[in-house]
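Offset between the sequence shown (1-based) and the numbering used here: plus 600. One structure is given here, and the rest of the page talks about it.
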Amino acid sequence: MNPTEIYEALANLASKPFDAAEFPFEFALATDNAPATIAKLKGGTYNKSDIPGGVLLNQKFHFSPALPGMSAASLDALRGNRRNAKHRPAILIATDGQEIAAEHPKSGDTLYCAFSELGDRFGFFLPAAGKERYRAAEENPVDVKVAGKLAKLYDALIRKNPDWAEKAHQHDMNQLMTRLIFCMFAEDVGIFPEDQFSRLIFTHAGDRGEGMREVLINAFTAMNTPKPDRGGLPAWTREFEYVNGGLFAGAIDAPVFDVTATRYLKDVCGETWTGINPDIFGSMIQSVANARLRSELGMHYTSVPNIMKVLGPLFLDDLDAEIDKAWGRDRALRQVLERIGKIRVFDPACGSGNFLVVAYRSLREREIRILTRLAELTGGAQTEMWSVVPIRNFYGIELTDFAVETAKLALFIAEYQANALFKEAFGRKPADLPLKDAANIVCDNALRVDWERVCPPPEDGGEVFIAGNPPFLGDNSRSVEQNADMDHVLAAHLPAHRRIDFVSCWVFKAANYIRGRNARSALVSTNSICQGQSVGALWPYVLTGGIEIGFAHTSFKWRNNASANAAVICVIVGLRNVSKEPKRLFDDVHEAQASTINAYLLDGPDLFVGAESRSIFGLSYMEYGNKPTDGGHLILSPEERDDLLEKYPESAPYIRRFMGSDEVVKGKVRYCLWVTDEDAEAASRIPPLKTRFDAVAAFRAESKAAQTRPAAAYPHRFRQAQNFARQHAILIPSVTSERRPYLPFERVGADVIASNLNFALYDAPDWCMALIASRLHLVWIGTVCGKLKSDFRYSNTLGWNTFPVPKFTGDQLAALTASAMAILRCRYGHYPATIAQLYDPDKMPDDLRAAHKANDDLLESMYIGRPFRNDTERLEHLFKLYAARAKKLKKGAA
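This is the structure in structure tokens:
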């Protein structure tokens, strides 16, 4: 069930007579639990509650019936129930059929409401369906209800008119939906007389909607025609006001309605549209015509707080400071008002208009604040009480036609609501009709169109602020067309442009647009563009010609498409022309001023860490593990290894332990055949080995990869046989979970072959482990190597070979060796616990945590004489060391 279906099921449950015995099972059904589960719940098999009449479904909900007026008291009793600790219900719920009292045990959030509001508060109960709760859905159920009913209307029209789903009619269908939405909103909020639109169309369309197509065409045509010019239209259309404003301009058409589509249209007309929230309504409506988004209908949001992370530092905070400074001076406030009237906001990936709507609303709020203050300063003698913020100052580019129409509509709604607030404050507002302006939103490819044509730089001293959330797509996720777009934007400027994320195109174009102009930009981007190889591939070409980073938000989770987007780790990078104004650096909880914000989003030297073939600080050589590319034929399970040795003991010299990242971290056991060229003939005399070698040869010969096929000539060995230890090796997995407080590593003997999923230090001094095991190394790797989603991605060339270390004394190296061995001894003391178990942050043994803390303190004291205060201080110092070393190397010093 999607959230809209859950809303409808809960609303239906709330409308029925309350039956305390049946309610928990109906609630379970409404929150997407399987009928078989509910049958077992009724039968007592799944019910873990010990409360009379109570029902506890493991990890979902715990229900208690309540006596009249005692719902809150019953919830109190539920909180203390000892069964909750074991079965961890997502929701506690008590009700007497009149009131509901509920709580999320995990967060402590509570809800007290009338039983009849069960559907309207559906967002609170989503965790009982195993879905993440989003407050936006909970706080504004009208958006969810309306979008759900519009989706049913859309589907009914497509079923009746299959050709309207095709490209030729796509624009017509999109316009139909936006026009209907505007009319239904208009008749509910007073733009049209109450119920005028629905009354007229249903009166003249016939009982079964057989005339609806002609009625809608006539109605929309009338709204686009001044009243004196409607002679060719039916007389009933003269009631409509002239709307214009571009909303009804152009071709007007409508599909054929049947009785089902008519019923759904009547149903959605019956909704109360006054509470529509334009901040997120655009995304809701966009999901109506998008099958992929439909599955998350009711949860497709770009949250306003996240949008404000962009708009606040970009220009709203500066406006607020200017307003506060001018607060007591009439002329100064008028100057701020004049500035606001000249601001242009441009979203070159605007989607359904969320950023533009929030920006428009925010400027209108500040405008009202200024005008109210001016009235106070002049004793109420204000003569210019009109808005200076036209929606024509809001620009966007969007590839999807329906999203363009939706964005325009969302801005119309935002304008009406802002004008209503204006009237509350000053007693008057501009006439609602005809619509005078439209936002400048074009349906086009933002990477092909000239941004200056879409949003011409103002000639009146105004400012342009570029803001938005462009698409994130890595190399393996882009289509052929998207790669071609990327080539069009970047190929002539960035040699390695195919290695970086798609969003980089927008960053690059934004920098070019603002360069030398009264303009700034702030885009949400995947954090990958500020990590690893992407930094050197992109930012040297962006931060040129007087462009700098004026503010940035470091990595955080950007939530907009519910669970599908929960793992997207983002940054916000604000670009501007070089300025003496303070630079602002944000994390999840803090803001700091920075002297320089570099491409890694750190207050540190403006440099780019490049890959090095050897450590520039003299550390031991680290290399990739060995890559078999063998179809699995050179790899042995423990059972296969034992069977081979039992039948052919002469194969023993050719069998080694084989360790990849799972073997290091999770303790898994595998083996491999490791045969040198000198031993190939002897090994091939062993029948099972010969069979395996033949299978490897066949696999490689048939490979689609050109670099693999030549390796069929030597099937006895790995395709990339890098190296192996003579005494011991230190293995570091190439990817590790962000949750672990330290990077995993393992020290192994010469009998182990490292796979390509590890990096290896062969026969290196043991004190190297103290570096790898440190917090210092972790934060360096996380910054300069980048991450795979949110996990740490290790690199020998970028991470190990660039890792800054001071010149250690012999005594210091001995101390580091002892520290590394202390960590290993502590780990071995917890055998057979694996690294994955030992480094689970919630379960890490105290003695192991203490051993790492001692290692950190020891190592960091060798850098600055004391432990670092935090990761920011660690990185700042490491970057200074790196910058100094890179400068010496550039001058040719050893």
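Glycine included, each C-beta is placed from N, C-alpha and C at the ideal position.
| task | Kindly indicate which three-state DSSP category A1172 falls into: helix, strand or coil? | result | Sequence check: residue 1172 is Ile here, not Ala. In the three-state reduction of the DSSP assignment, I1172 falls in the strand class.
| Just to confirm, are M823 and A861 a CB contact at a threshold of 9 angstroms? | no
| message | DSSP has I1353 in a bridge; who is on the other side? | response | Looking at the DSSP output, I1353 shares a beta bridge with F1258.
| request: Pull up the DSSP beta-bridge partners for V1265, would you. | output: Residue pairing by DSSP places V1265 opposite no residue, since no beta bridge is assigned to it.
| message | Here's the rule: buried if 16 or more other CB atoms are within 10 angstroms of the residue's CB, otherwise exposed. What is V1080? | response | Here V1080 is exposed, its C-beta having fewer than 16 other C-beta atoms within 10 Å.
| message | Contact between the segment 1421-1431 and the segment 1443-1459 is defined here as three or more beta-carbon pairs at a separation below 8 angstroms; is this criterion met? | response | yes
| query | What whole-angstrom Cβ distance do V1264 and L1331 have, given they're in contact under 8 angstroms? | reply | 5 angstroms
| said: If distances are taken between C-alpha atoms only, which option among Q935, E965, T872 and A949 comes closest to L916? | reply: Among Q935, E965, T872 and A949, the Cα nearest to that of L916 belongs to E965.
| query | Which residue from K1487, R1347 and Q659 puts its Cα closest to that of Q1327? | reply | R1347
| said: According to DSSP, simplified to helix, strand and coil, what is A1486? | reply: helix
| said: If I measure Cβ to Cβ from N1177 and keep anything under 6 angstroms in the same chain, skipping five residues before and after, which residues do I get? | reply: Sequence-distant Cβ neighbours of N1177 in its own chain, meaning closer than 6 angstroms and more than five residues away, are G1146.
| task | Indicate whether P1070 and V1142 have their beta-carbon atoms separated by less than 9 angstroms. | result | no
| task | Measure the CB-CB distance between Y712 and I700 and report whether it falls below 9 angstroms. | result | Cβ atoms of Y712 and I700: closer than 9 angstroms.
| said: According to DSSP, is P1365 part of a helix, a strand, or is it coil? | reply: coil
| request: Starting from C1105, trace the beta strand (DSSP E) both ways and give me its first and last residue. | output: From DSSP, C1105 is part of no beta strand (DSSP E) but of the alpha helix (DSSP H) over S1104 to I1114.
| request: Could you tell me the distance, in whole angstroms, from the CA atom of R1466 to the CA atom of L1416? | output: 15 angstroms
| task | Ignore the nearest five residues each way along the sequence and tell me which others in A1436's own chain have a CB closer than 6 angstroms to its CB. | result | Result list for A1436: V1265 and K1266, in chain order.
| said: I believe Y1271 touches I1255 by the beta-carbon criterion, under 8 angstroms. Please report the beta-carbon distance rounded to the nearest angstrom. | reply: 6 angstroms
| task | Specify, as a first and last residue, the run of the beta strand (DSSP E) that Q1193 falls within. | result | E1191 to A1194
| task | Kindly confirm or deny that the segment 1007-1021 and the segment 906-916 touch, where touching means at least three C-beta pairs closer than 8 angstroms. | result | no
| query | Does the beta-carbon distance from L1035 to F994 come in below 9 angstroms? | reply | It is not a contact, given that the beta carbons lie outside the stated cut-off.
| request: List the DSSP bridge partners of T710. | output: E703
| field | Delimiting residues of the alpha helix (DSSP H) encompassing F1299 | value | P1287 to A1301
| request: Evaluate the contact criterion for the segment 1277-1286 versus the segment 1361-1371: three or more CB pairs, one atom per stretch, below 8 angstroms. | output: no
| Taking buried to mean at least 16 other C-beta atoms within 10 Å of its own C-beta, is T825 buried or exposed? | buried
| request: Could you check the C-alpha separation between N1165 and T778 for me, to the nearest Å? | output: In this predicted model, N1165 has a pLDDT of only 39, less than 50, meaning its place in the structure is not dependable enough to derive any value.
| How big is the Cα-Cα spacing for E1246 and R1309? | 33 angstroms
| Using the C-alpha atoms, what's the distance from A756 back to F792? | 27 angstroms
| task | Return the Cβ separation of T631 and F725 in integer angstroms, given the expectation that the two are a contact with Cβ distance under 8 angstroms. | result | 6 angstroms
| task | Leaving out five residues on either side along the sequence, give the residues of the same chain with a beta carbon under 7 angstroms from the beta carbon of E738. | result | With a pLDDT of 38 at E738, under the threshold of 50, the predicted position of this residue should be treated as unreliable, though the coordinate-derived value follows. Cβ within range, chain order: R721, G723 and F724.
| said: Taking 6 angstroms as the limit between beta carbons, can you name the residues of its chain near T821, skipping five residues before and five after? | reply: I852
| task | Any chance you could list the alpha helix (DSSP H) runs of at least 4 consecutive residues sitting entirely within the segment 652-702, in chain order? | result | 671-679 and 683-687
| task | Give every residue of the same chain whose Cβ lies closer than 7 angstroms to the Cβ of A1194, excluding the five residues on either side of it in the sequence, and list them in chain order. | result | If we look at A1194 and ignore the five residues flanking it on each side, its Cβ neighbours are K1183, L1185 and D1203.
| task | Return yes when the Cβ of L675 is within less than 9 angstroms of the Cβ of T710, no when it is not. | result | yes
| field | Enclosing beta strand (DSSP E) for P1333 [first to last residue] | value | H1328 to P1333
| For I970, which residues from the same chain have a beta carbon less than 7 angstroms from its beta carbon, with the 5 sequence-adjacent residues on both sides left out? | I923, L933, V936 and L937
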